[in-house]
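Notes to accompany the following structure.
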DNA sequence: CGTCGCCTTGATGGATCTCAATAATAGTGG
DNA sequence: CCACTATTATTGAGATCCATCAAGGCGACG
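Residue numbers (my numbering), protein chains in the order written: chain W, 1 to 267; chain S, 1 to 267.
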């Protein structure tokens, strides 16, 4: 996975440990929005790959936005820190997945992204999504932009799915939904979806699901007793399809919009 | 707010009640990403405004994506429906805010968006964010695309803030955070942030915050007893700055990344 | 004036957070 | 290579918050 040979071509180390990405040698090229870009880009415009050691921060809050990232290898977590110092794990990122899109808005990141183990990432400056277009300067190519938009749209969608996970289920349901989603994504990343190693600690899982870590630990034990899964440390084997039984909460009656309620006098 | 005069110019009613938007007369033009677009767009490419009656669905799940929407007047809620029929209110939309970005990914919406009272919206086809560029067809103008990207980036960011609201606090903290955010946004929309009318039912609030509606009702009563706010029906007056006292949950120890942990043997 | 939707209030039980102690694992250094 | 230490994970007991069930009030509307 680590390919020191290609990192020999270190440009006048403009950024620590970054080197131009070799897309043609990347196994993720099929799913990468940067693939298929014109090769004629300037040096500040091309994808840059970087090796990251376990525990290292890839993005810090307040840091300047310099592009979105795609995971080539390894696992990452992103989290925000509130003014009072409390943290919230907002997501995990598997090989082939993206992060860093929160910084586009105002050019400054709000989330931290940290490597959960040693891996490598590819930084895609927004200019990667442009194509050089005559003398008029950079124009956004329709196809590139669309893929970027889709990327962000899918992120929005996934985040909203998380509302379901966080809200509509019991602690057990939350964990099952989380594991089910993780399993699916592990499969997409090329792992065996029914048997893999959890890349994050119980603490991270608990924080992400807004549970106490003891609850997570107990649930693992319980699910193992029920024969749903086997877990030893972080090694996980899924034995039965994970299906969360939701808790019903403040159901919205009926929404067929058949009944357009008369306008309240809120002007 | 409703301006029937302008709706007289109904084009051969290609869509129910839609008419070309008159941006120059729109009070939101300063914050709208469609503002400043070339006027030379074709008829299918321009913003379309629409009056919406209370209770009406603006977007249905499975519906084809036809653009993102900006609220001109009124209030809206969006929600998803799970396979088992359970619902989750994913957000509320105030005047000047946007919705519908979940449909960009695959051209199909996943959320429902419903009018909470009578209002009006503006539909912005993605083509609005293009500029006609010679014979090559539609090219995305850098500025337009950037504003769209920022829009989506801010949506991602706000959604992630919601994780905080949902997770790190008690029921009371959740409600306070929600009200605080709502107050701020009401201010941005031109209302008095310390005294406004809740546009949604207790049921919607409870669902959005993943609480029982009785809990929400009790909390309002309690907060009023504490002198934090006054509430009568949906009329709300905020007396003290709303500050949520978080419940500490699976705190992440220290993250200064000062200590780059040695690489585990997960290859 | 009766119905319906929305909101409030009370009583109760259960899920899960907290505190606390122990066990297992991984990293460190001799 | 082994002991030492720090981190991470498990398990237990008690307390508490909040969902649930149930009843009633209030306002809107026909």
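Glycine included, C-beta positions come from ideal geometry on N, C-alpha and C.
query                                                                                                                                                                               : result
Taking the straight line between their C-alpha atoms, what separation do you get for residue 239 (chain W) and residue 211 (chain S)?                                               : 32 angstroms
Over what stretch of residues does the alpha helix (DSSP H) that includes residue 217 (chain W) continue unbroken?                                                                  : 213-225
Tell me the rounded alpha-carbon separation between residue 49 (chain W) and residue 182 (chain W).                                                                                 : 25 angstroms
Determine the chain W residues that contact residue 167 (chain S) at a beta-carbon separation under 7 angstroms, and present them in chain order.                                   : 88, 166, 210
With DSSP run on the structure shown, which of helix, strand or coil describes residue 50 (chain W)?                                                                                : strand
With a CB to CB cut of under 6 angstroms and the five nearest residues on each side skipped, what residues in its chain are close to residue 6 (chain S)?                           : With a pLDDT of 39 at residue 6 (chain S), under the threshold of 50, the modelled position of this residue cannot be trusted, and the question is left open.
Whole angstroms is fine: what's the gap from residue 188 (chain S)'s alpha carbon to residue 160 (chain S)'s?                                                                       : 20 angstroms
May I have the straight-line CA-CA distance separating residue 228 (chain W) from residue 174 (chain W), to the nearest angstrom?                                                   : 15 angstroms
Do you know offhand how far residue 71 (chain W)'s Cα is from residue 230 (chain W)'s?                                                                                              : 28 angstroms
Using the C-alpha atoms, what's the distance from residue 88 (chain W) back to residue 237 (chain W)?                                                                               : 27 angstroms
Can you tell me which of S:107, S:164, S:158 puts its alpha carbon nearest to the alpha carbon of residue 146 (chain W)?                                                            : S:107
Shorter than 8 angstroms from the beta carbon of residue 150 (chain W) to some beta carbon of chain S?                                                                              : yes
If I follow the unbroken beta strand (DSSP E) through residue 235 (chain W), where does it start and stop?                                                                          : 235-238
How would you list, in chain order, the residues of chain S whose beta-carbon sits under 8 angstroms from the beta-carbon of residue 177 (chain W)?                                 : Ordered by position in chain S, no residue passes the 8 angstroms Cβ test against residue 177 (chain W), which lies about 11 angstroms from the chain.
At least one CB of chain W closer than 8 angstroms to the CB of residue 48 (chain S): is that the case?                                                                             : no
Given a limit of 8 angstroms on CB to CB distance, which residues of the region 105-118 of chain W reach chain S?                                                                   : 105, 106, 110, 111, 112, 114, 117, 118
Check whether the Cβ of residue 102 (chain W) lies closer than 8 angstroms to any Cβ atom in chain S.                                                                               : yes
So which residues on chain S does residue 154 (chain W) lean against when the C-beta distance must stay under 7 angstroms?                                                          : 105
Hey, is residue 18 (chain S)'s beta-carbon within less than 8 angstroms of any beta-carbon in chain W?                                                                              : no
Tell me which residues share the same chain as residue 122 (chain W) and place their Cβ nearer than 6 angstroms to its Cβ, disregarding the 5 neighbours each side in the sequence. : 21, 47, 49, 70, 72
Taking the CB atoms as reference points, tell me whether residue 111 (chain S) and residue 117 (chain S) lie closer together than 8 angstroms.                                      : no
Nearest chain S C-beta to residue 145 (chain W) closer than 8 angstroms, yes or no?                                                                                                 : yes
Closer than 9 angstroms by beta-carbon distance: list the chain W residues that pair up with residue 80 (chain S), in chain order.                                                  : 160, 161, 163, 164
Which residue marks the beginning of the beta strand (DSSP E) containing residue 73 (chain W), and which one marks its end?                                                         : 68-73
What do you reckon, is the C-beta of residue 175 (chain W) under 7 angstroms from a heavy atom of the ligand HEM?                                                                   : The ligand HEM is not among the ligands present in this structure, which contains no ligands whatsoever.
Residue 237 (chain S) CB to nearest chain W CB: under 8 angstroms?                                                                                                                  : no
Using the beta-carbon count (16 or more within 10 Å), is residue 93 (chain W) buried or exposed?                                                                                    : buried
Straight-line CA distance for residue 290 (chain W) to residue 223 (chain W)?                                                                                                       : Look at the range of chain W in this structure, 1 to 267, and you will see that residue 290 (chain W) is not part of it.
So what does DSSP say about residue 97 (chain W), is it helix, strand or coil?                                                                                                      : coil
With a threshold of 16 other CB atoms inside 10 Å of the CB of residue 184 (chain S), please say whether the residue is buried or exposed.                                          : exposed
Mind checking whether residue 203 (chain S) and residue 219 (chain S) have CB atoms under 8 angstroms apart?                                                                        : no
Using a Cβ-Cβ distance under 8 angstroms, would residue 123 (chain W) count as near chain S?                                                                                        : no
Between the Cα of residue 128 (chain S) and those of S:67, S:221, S:119, S:52, spot the shortest distance and give me the residue it belongs to.                                    : S:67
Rank S:156, S:194, S:207 by C-alpha distance to the C-alpha of residue 171 (chain S) and give the top, closest one.                                                                 : S:207
Identify the contact partners of residue 157 (chain S) in chain W, using a Cβ-Cβ distance below 7 angstroms as the criterion.                                                       : 102, 105, 110
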